[in-house]
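Inspection log for the structure reproduced underneath, given as structure tokens.
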Amino acid sequence: MEAVFAVVALLFVLFVALGVYATVKVVGAAKRSADRHITQARRTVEDHTLKAKAFVQPGPAGEIAQLRLALRTSMRATQDALEAAVAEDASLKESLGLFQRLSAHGHELDGELRRLETEPDRAALAARLPELRERTERITGSADSLRWAARDRARRFASDDLDSLSEQIDMEAGALRHWTTTEQHPAPPPWPETPAADTPDPATAKEPEQRPAIAPSAPRPAYPWQKKARPESTT
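Numbering (my numbering), first residue to last: 1065 to 1299.
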């Protein structure tokens, strides 16, 4: 009995541990999902705010907002494109690594632009705009290049696969339509020849009568002036 109780207690502990593990995994997944939604909502609000500043605020402050919006839009689009493409093409992992290094420069520039949004010295801000614009163009240009290269690669692979599939379908369709030349019909049997008039029918023909090798002598004709033959004497 003690062994039975020990086994039951062990199974109960295992079930409890599995339940706790499953609960932790579910809670963690829910938390990550909530964090993603919160982050996405925060980004959406910030993007709309930047768009409003870019249209409403004149001068350097509005251009700073435009630079931030262009930087964030390009980096986010490239990140989404590479992460989606690397799941289907493992060779893009190197490109994704390069983008992560570029992303570090992008975050640094975005933080600097965010701090400059509240800069009261408009003259100093205007003096720094050419350098900030040049850095933004370099980062977004590199991000755009990576994104379009990944898309061109995916489109090329899709085009090659489509070409190969089209060739196979054309070959199969040609084989299916090739019945007129490949299908051989057996030749009909020849009609029997018409037998000749003097040729006996094999079914009704009889074997010719065999004639003796020495024909018997024919009886001699009897003439009136000849004497009657006497019968031979039996003595």
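Ideal Cβ positions, reconstructed from N, Cα and C, are used throughout, including at glycine.
Short Cβ contact (7 Å threshold) for residue i with residue j
i, j, result
"residue 1214", "residue 1138", "no"
"residue 1211", "residue 1142", "yes"
"residue 1179", "residue 1124", "no"
"residue 1203", "residue 1169", "yes"
C-alpha distance - residue i paired with residue j, whole-angstrom precision
i, j, result
"residue 1237", "residue 1221", "24 Å"
"residue 1188", "residue 1140", "30 Å"
"residue 1159", "residue 1196", "25 Å"
"residue 1182", "residue 1126", "11 Å"
"residue 1067", "residue 1087", "30 Å"
"residue 1225", "residue 1232", "11 Å"
"residue 1155", "residue 1192", "39 Å"
"residue 1234", "residue 1157", "36 Å"
"residue 1071", "residue 1163", "54 Å"
"residue 1277", "residue 1254", "With a pLDDT of 49 at residue 1277, under the threshold of 50, the modelled position of this residue cannot be trusted; read the value that follows with caution. Near 45 Å, if we compare the C-alpha coordinates of residue 1254 and residue 1277."
"residue 1073", "residue 1082", "14 Å"
"residue 1205", "residue 1085", "46 Å"
"residue 1043", "residue 1209", "Here the chain covers residues 1065 to 1299 and nothing more, so residue 1043 does not appear."
"residue 1145", "residue 1201", "19 Å"
Nearest-angstrom beta carbon gap, residue j and residue i [assumed within contact, 8 Å]
i, j, result
"residue 1166", "residue 1131", "Contact flag wrong, Cβ pair sits at about 16 Å."
"residue 1217", "residue 1153", "7 Å"
Pairing CB atoms from the segment 1147 to 1156 with CB atoms from the segment 1172 to 1185, are three or more of them under 8 Å?
no
In chain order, what are the residue ranges of uninterrupted alpha helix (DSSP H) at least 4 long that sit wholly in the segment 1172 to 1236?
Taking only runs of at least 4 residues, no alpha helix (DSSP H) segment lies wholly in the segment 1172 to 1236.
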